[in-house]
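End of the sequence shown = 640 in the numbering used here, gap-free, step of one. Yeah, the Cβ is synthetic: ideal placement off N, Cα and C, and Gly gets one too.
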Amino acid sequence: MSVNRAKIAKRERNPLWRNGSFTLMWTSVAASGFGDRMMMLAALVLLGGFVQGAEQVSIQASINFFFFLPYVLLSVAGGWLADHLPRKWLMLACDEFRGLLLFLGFLLVYNATGVGAVPESYHWQVLGILFLVGVFAAIFNPTRNAIVPEVVPLKQLQSANAIILSIAVIASMIGQVVGGKIINPDQASTVRLGLLIGAGFYIISGSFFAFLRIKQTSIAGLEKVQPKPRSYKQAVTYIKGHGRIVRLILLNMLIWAGAMVVYNAVLSLTKLNFGFIEAGMSDQERLFRFTVLTAGVGFGMLAGACVMAWIRTRRESDVVLMFGLMMTGVFIMFLAYSKFFYLSLALAFGVGVFGNMAIVSIATMLQSLSPNYMRGRVMGLNAMMNTLTNVIVNFIIWQTPNADNAIIISLYPLGALLALLGLWGGWRILKQGMLKDTATNVSLHLLRLWLLVWYRLEWEGRQNVPSKGPVILASNHTIAIDPFLIQGASPRFVRWVMLTEFRFKLLWPIWKMANPISLKLDGKDTTPIRAMVNAVNEGEVLGLFPEGGLQRDARELQPFKPGIALVAERTGAPIVPVWISGTSLTNHMLLHIFMPCKARVKFGKPFTLPKGIKREEALAIIREKMLELSNN
9 MSVNRAKIAK RERNPLWRNG SFTLMWTSVA ASGFGDRMMM LAALVLLGGF VQGAEQVSIQ
69 ASINFFFFLP YVLLSVAGGW LADHLPRKWL MLACDEFRGL LLFLGFLLVY NATGVGAVPE
129 SYHWQVLGIL FLVGVFAAIF NPTRNAIVPE VVPLKQLQSA NAIILSIAVI ASMIGQVVGG
189 KIINPDQAST VRLGLLIGAG FYIISGSFFA FLRIKQTSIA GLEKVQPKPR SYKQAVTYIK
249 GHGRIVRLIL LNMLIWAGAM VVYNAVLSLT KLNFGFIEAG MSDQERLFRF TVLTAGVGFG
309 MLAGACVMAW IRTRRESDVV LMFGLMMTGV FIMFLAYSKF FYLSLALAFG VGVFGNMAIV
369 SIATMLQSLS PNYMRGRVMG LNAMMNTLTN VIVNFIIWQT PNADNAIIIS LYPLGALLAL
429 LGLWGGWRIL KQGMLKDTAT NVSLHLLRLW LLVWYRLEWE GRQNVPSKGP VILASNHTIA
489 IDPFLIQGAS PRFVRWVMLT EFRFKLLWPI WKMANPISLK LDGKDTTPIR AMVNAVNEGE
549 VLGLFPEGGL QRDARELQPF KPGIALVAER TGAPIVPVWI SGTSLTNHML LHIFMPCKAR
609 VKFGKPFTLP KGIKREEALA IIREKMLELS NN
């Protein structure tokens, strides 16, 4: 292995917390998120969001409209810049300019006294600063998304995305709550302080990007010649030719549009659903309750990001995506109906959890599907389409009469749409698979997800399993769930042989799915042998454990039973050796189901036994092939 390959392999084994560049990145993103929230709250007060009789939702929608409008105009350009300029310096410049703009806002209201709201003639200055901050944010976001796979190994991409999003959410919610305590709509000085704090966070955090170290993060990347950068027209053509990317971008647009509706609706819920005004609550206290409820969504997003970091794997992300989408819709509908603040806080938390599970899944799949030389523009186009939808949604809310009431009503159809789409999409994904039987395909998807998450299943050499025709898999037997581990790693459905004594009636759904060939412990019945031979001759994949029992005390191959040699002799089918490692060692068979581990399944090259060979010699060859896998 070359020096570069060795370094890359070492980075892939290191945990994220030891990645200094990644630490600098998430701390900078956190500081930027804090600055964003302080700016938004200050703008809400400056534009008269808490003046008597004000349509708060319309004012907040106008803030979002002017902040996100540059994304529509510049996200594509931002992606282009991310592919043509050093990404870390581009991110540094964006944060520094955003900090200077907030400092300019601080200077504009430096001499203001009395209430925080400015005269209407000054509103264009507030909205203009928001627009310019949005310009640099529009360049920053696709650049950040494009640089992540250059800072962390691809194997850690799912976790890295989840951590970055969660940290950004934490910082945003801290900024939201702190801003709600600092900024008093009745005191202009507190608004100035909020703007100054936000400017400081931008300026300080931006400097961190100067210390990022960009490294080769994929061994595969060393073996491929990278194409020259292409134009945006070619990037659009690439996206159009990949239907999965198109569907992900469209779905992302819907999710972020829904997020914008929920974010604006939280302000209206605080105003109308809980009776705070009727109870005589002050403007600052209502502002604080609004920030707390928004923080509930944010900390839910944090929890959702933690769930995704725990799930870790990119595989089966589409199943996780649709589940998150469905549950988000359900929680949104309950949130719209709730009249109790603390119940709404719990429901807002749920919206955040499942919504962020969907968001992280989409981000990871888009990054994985996009080649590095075009990733910046793909992410830029995605950001542009998301924000175009957000801008349209905010413009509609801004111009809607009596928006405070209308937006709460809109939560019901929005939640229903997301729930039904997630249910329909999830069912379509789950029923697809290697078999015609829908129930089995659904079970295999769920089984694979369980194995990937709980047992951290990884595999190697699955391409060695012939894509069609008869095959015999010969594996060592470490724990009771070995058949499931191999099935989760195999590209084809595997028919297993199991002892009748362990075919518990309580687990009949599993046996119906797996359709195993039953074998009695005494081994006197020859019917199972005929069933094995018939299954192989019909072109199925037959899974066998030649040891005939578990390695309970040590990971050493036990003596082989003659059954596998007999089946191979009668069918002439190729044998694929399999080696399982990383599983837990225990004498209690049922404990295997509940003990997490880091399981690895390795498939060797297929081979056939010479004709006329003695069974003892056949077993020795099979054993040798399996042991070769264990030593590699």
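Can you have a look at residue i and say buried or exposed, based on whether 16 or more other CB atoms are within 10 angstroms of its CB?
{"i": "Y420", "result": "exposed"}
{"i": "L115", "result": "exposed"}
{"i": "H596", "result": "exposed"}
{"i": "V274", "result": "buried"}
{"i": "F148", "result": "buried"}
{"i": "R542", "result": "Per the sequence shown, the amino acid found at residue 542 is Asn instead of Arg. N542 should be labelled exposed."}
{"i": "T225", "result": "Residue confidence is low: T225 scores 47 on pLDDT, short of 50, so the model does not pin down where it sits. No coordinate-derived value is stated."}
{"i": "V254", "result": "exposed"}
{"i": "L599", "result": "exposed"}
{"i": "T372", "result": "buried"}
{"i": "P150", "result": "buried"}
{"i": "Q234", "result": "Note that Q234 has pLDDT 49, beneath the 50 cutoff, so the model's placement of it is unreliable and the number below is only indicative. It is exposed - the Cβ of Q234 has fewer than 16 other Cβ atoms within 10 Å."}
{"i": "I222", "result": "exposed"}
{"i": "N169", "result": "buried"}
{"i": "A218", "result": "exposed"}
State the Cα-Cα distance for the pair residue i and residue j, rounded to the nearest angstrom.
{"i": "L100", "j": "F76", "result": "20 Å"}
{"i": "R297", "j": "G208", "result": "26 Å"}
{"i": "G571", "j": "I437", "result": "38 Å"}
{"i": "V641", "j": "V160", "result": "Because the chain is modelled from 9 through 640, residue 641 falls outside the range shown and cannot be assessed."}
{"i": "I155", "j": "K96", "result": "8 Å"}
{"i": "Y381", "j": "I588", "result": "37 Å"}
{"i": "G113", "j": "L204", "result": "9 Å"}
{"i": "V575", "j": "N545", "result": "10 Å"}
{"i": "F282", "j": "L459", "result": "44 Å"}
{"i": "Q64", "j": "Y345", "result": "20 Å"}
{"i": "Q184", "j": "A303", "result": "7 Å"}
{"i": "S638", "j": "R563", "result": "10 Å"}
{"i": "E324", "j": "G187", "result": "39 Å"}
{"i": "L49", "j": "L428", "result": "34 Å"}
{"i": "G288", "j": "R45", "result": "26 Å"}
{"i": "G57", "j": "K439", "result": "49 Å"}
{"i": "N192", "j": "R294", "result": "11 Å"}
{"i": "I227", "j": "Q68", "result": "Low per-residue confidence applies at I227: pLDDT is 36, beneath 50, and the placement is therefore not dependable enough to give any value."}
Just tell me which of the options has its CA closest to the CA of residue i.
{"i": "I71", "options": "Y345, W406, R95, V505", "result": "W406"}
{"i": "I7", "options": "V141, I370, R503", "result": "For the chain, the structure presents residues 9 to 640; residue 7 sits outside this window and is missing."}
{"i": "P585", "options": "R623, P604, P618, L635", "result": "L635"}
{"i": "K279", "options": "G358, L93, A411, Y246", "result": "A411"}
{"i": "F602", "options": "Q566, G551, I489", "result": "I489"}
{"i": "R200", "options": "P127, A120, G249, T151", "result": "A120"}
{"i": "G306", "options": "V185, M181, Y130", "result": "M181"}
{"i": "H92", "options": "R221, L550, K622, R383", "result": "R383"}
{"i": "P554", "options": "I487, L627, C605", "result": "L627"}
{"i": "Q495", "options": "V609, T486, W318", "result": "V609"}
{"i": "K248", "options": "P536, V386, T408, P157", "result": "V386"}
{"i": "Q133", "options": "L55, Q195, S174", "result": "L55"}
{"i": "G612", "options": "P491, W467, M540, P524", "result": "W467"}
Is the Cβ-Cβ distance between residue i and residue j less than 8 Å?
{"i": "L333", "j": "G430", "result": "yes"}
{"i": "P614", "j": "N472", "result": "yes"}
{"i": "F216", "j": "T395", "result": "no"}
{"i": "L82", "j": "A146", "result": "yes"}
{"i": "L465", "j": "L425", "result": "no"}
{"i": "A90", "j": "L98", "result": "yes"}
{"i": "V269", "j": "S376", "result": "no"}
{"i": "V37", "j": "R152", "result": "yes"}
{"i": "M506", "j": "S451", "result": "no"}
{"i": "Y79", "j": "A391", "result": "yes"}
{"i": "G423", "j": "G337", "result": "yes"}
{"i": "E357", "j": "A179", "result": "According to the sequence shown, residue 357 is Phe rather than Glu. Taking 8 Å as the Cβ cut-off, F357 and A179 do not qualify as a contacting pair."}
{"i": "L277", "j": "I416", "result": "yes"}
{"i": "L24", "j": "L220", "result": "no"}
Whole-angstrom Cβ separation of residue i and residue j, contact assumed at under 8 Å?
{"i": "T591", "j": "A607", "result": "5 Å"}
{"i": "A443", "j": "F501", "result": "Strictly speaking, residue 443 in this sequence is Leu, with Ala absent from that position. Right, their Cβ atoms sit about 6 Å apart."}
{"i": "N364", "j": "G312", "result": "3 Å"}
{"i": "L329", "j": "I370", "result": "6 Å"}
{"i": "T616", "j": "G580", "result": "7 Å"}
{"i": "G441", "j": "H453", "result": "7 Å"}
{"i": "F339", "j": "L355", "result": "5 Å"}
{"i": "N402", "j": "F111", "result": "The pair is not a contact, with the Cβ atoms about 26 Å apart (cut-off 8 Å)."}
{"i": "G650", "j": "T245", "result": "Since the first residue shown for the chain is 9 and the last is 640, residue 650 is missing from the structure and cannot be characterised."}
{"i": "E104", "j": "I211", "result": "6 Å"}
If we cut at 8 Å on Cβ distances, does residue i have a partner in chain B?
{"i": "V473", "result": "Annotation note: the requested chain B is absent from the structure, which comprises a single protein chain."}
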